[in-house]
Amino acid sequence: MIYWEIFIAFFIPGIVGYGGGPASIPLVQNEVVNRYEWLSLSEFGEVLAIGNALPGPIATKMAGYIGYEQAGLLGAGVGIFATVAPSLILMIILLSILYKFKNSPKVKRMTMVIRPTIAVLLGILTFQFFFQSYENEGIWQTILLIGLSWLFLVKFKVHPAFVIVGALGYGAIFLA
């Protein structure tokens, strides 16, 4: 039963998470935190941070880790397969249809509607992480991390992976 739950938890976000891994993060969060309660919001944030720091697609790394934590190596394999299965199915079955209608005004309108929806979901997830950080670490630690992250990302143009590793290091040293 756990393998089926792992499959569903990552297959559904893969289907409706239009836009790839980052777009499916709020959907995965809903499944693993709210629906199945495998992780707390704080633990999910840590898994997301570690997944962002490592190279490769975020959704498959998260699926592999969470699947492994729930059901070992087979669970990791099921999670990774469930994450890539929707894309694989669409590539095999629908590639010619999508190519045929790629310039359709209806398809372009649909894309224009879906993108803001994903942006709102990512915004909600950001606010949830902000408030979780505020509750656990306090306002000054939260403001410091946000400010330093902004400074390194925007002003100094540091790659996001290095900023994430730096924030993880800061948390390990000062917030543990």
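Heads up: the sequence shown begins at -4 in the numbering used here, then just goes up one per residue. The C-beta atom is built at its ideal place from N, Cα and C for all residues, glycine as well.
- Query: Between which two residues does the alpha helix (DSSP H) harbouring Arg110 extend?
  - Reply: As a first step, residue 110 must be located in the sequence shown, where it is residue number 115. In the DSSP assignment, Arg110 falls within the unbroken alpha helix (DSSP H) covering Pro100 to Glu132.
- How would you write the range of the alpha helix (DSSP H) that Glu41 sits in, first residue to last? One-based indexing of the sequence shown puts residue 41 at position 46. That run of the alpha helix (DSSP H) goes Leu36 to Ala48.
- Query: Measuring CB to CB, does Gln127 end up less than 7 Å from Ser19?
  - Reply: Taking the sequence shown and counting its residues from 1, one reaches residue 127 at position 132. Taking the sequence shown and counting its residues from 1, one reaches residue 19 at position 24. Taking 7 Å as the Cβ cut-off, Gln127 and Ser19 do not qualify as a contacting pair.
- Find out if the Cβ-Cβ distance for the pair Gly62, Ala48 is shorter than 7 Å. Within the sequence shown, numbered from 1, the residue matching residue 62 stands at position 67. Within the sequence shown, numbered from 1, the residue matching residue 48 stands at position 53. No.
- Given a cut-off of 7 Å, decide if Gly74 and Ile1 are closer than it, judged by their beta-carbon atoms. Residue mapping note: residue 1 aligns to position 6 of the sequence shown, counting from 1. Residue mapping note: residue 74 aligns to position 79 of the sequence shown, counting from 1. Going by C-beta atoms, Ile1 is nearer than 7 Å to Gly74.
- Query: Are Leu148 and Val158 closer than 7 Å when you measure CB to CB?
  - Reply: Numbered from its first residue, the sequence shown carries residue 148 at position 153. Numbered from its first residue, the sequence shown carries residue 158 at position 163. In contact: Leu148 and Val158 (Cβ atoms closer than 7 Å).
- Query: Near Leu163, which residues of its chain fall below 8 Å by C-beta distance, leaving aside the five closest residues on each side in sequence?
  - Reply: Translated into the one-based positions of the sequence shown, residue 163 becomes position 168. For Leu163, where only same-chain residues beyond five positions count, the Cβ hits under 8 Å are Ala44, Ile45 and Ala48.
- Rounded to the nearest angstrom, how far is the Cβ of Phe6 from that of Val23, given a contact under 8 Å? Translated into the one-based positions of the sequence shown, residue 6 becomes position 11. Translated into the one-based positions of the sequence shown, residue 23 becomes position 28. Not quite, the Cβ-Cβ distance comes to about 11 Å (not below 8 Å), so this is no contact.
- Message: Tell me the rounded alpha-carbon separation between Phe124 and Leu85.
- Response: In the sequence shown, the residue the question calls residue 124 occupies position 129. In the sequence shown, the residue the question calls residue 85 occupies position 90. Phe124 and Leu85 have their C-alpha atoms spaced approximately 32 Å apart.
- Item | Residue from Ile92, Met57 and Phe96 with nearest C-alpha to Val79 | Position 84 of the sequence shown, counted from the start, is the residue given in the question as residue 79. Of all alpha-carbon atoms in Ile92, Met57 and Phe96, the one lying nearest the alpha-carbon of Val79 is that of Met57.
- Task: Quick one: measure Cβ to Cβ for Ile(-3) and Gln65, integer angstroms, because I've assumed they're closer than 8 Å.
- Result: For this step, residue -3 is matched to residue 2 along the sequence shown. For this step, residue 65 is matched to residue 70 along the sequence shown. The C-beta distance from Ile(-3) to Gln65 rounds to 6 Å, short enough to fall under 8 Å.
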